[in-house]
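J.: Residue numbers (my numbering): 444 to 538.
1) In this structure, how does DSSP classify residue 516 when only helix, strand and coil are distinguished?
2) Since residue 505 is in the alpha helix (DSSP H), which residue starts that stretch and which ends it?
3) Rounded to whole angstroms, what's the CA-CA distance from residue 531 to residue 497? Just pull it up for me.
4) Measuring straight from C-alpha to C-alpha, what distance separates residue 483 and residue 524?
5) State buried or exposed for residue 457, treating a residue as buried only when at least 16 other CB atoms are found within 10 Å of its CB.
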């Protein structure tokens, strides 16, 4: 449940996502000030499944930004997240 806050400092927030953010999403996350991103499936894995992804990892985006202290943690529930994306690819191919 999202709670309303007057705190403009989002560095203590953690964003959880099924996949590693693409470069556009990672840039938006950086601009928001969120301090940590936790994800399951990596961009490399998504590419091998056939998902169209820019070959630029979230850590590469962070390294080129002003906020090189932002933390990421990948591979959390990776098998489960990978299966979600694999199922989606298979459904797309079947339709």
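Every residue gets a Cβ at the ideal spot worked out from N, C-alpha and C, and that includes glycine.
Owing to the predicted nature of the structure, the values given are computational and were not obtained by experimental measurement.
T.: Quick answer:
1) strand
2) 501-506
3) 19 Å
4) 6 Å
5) exposed
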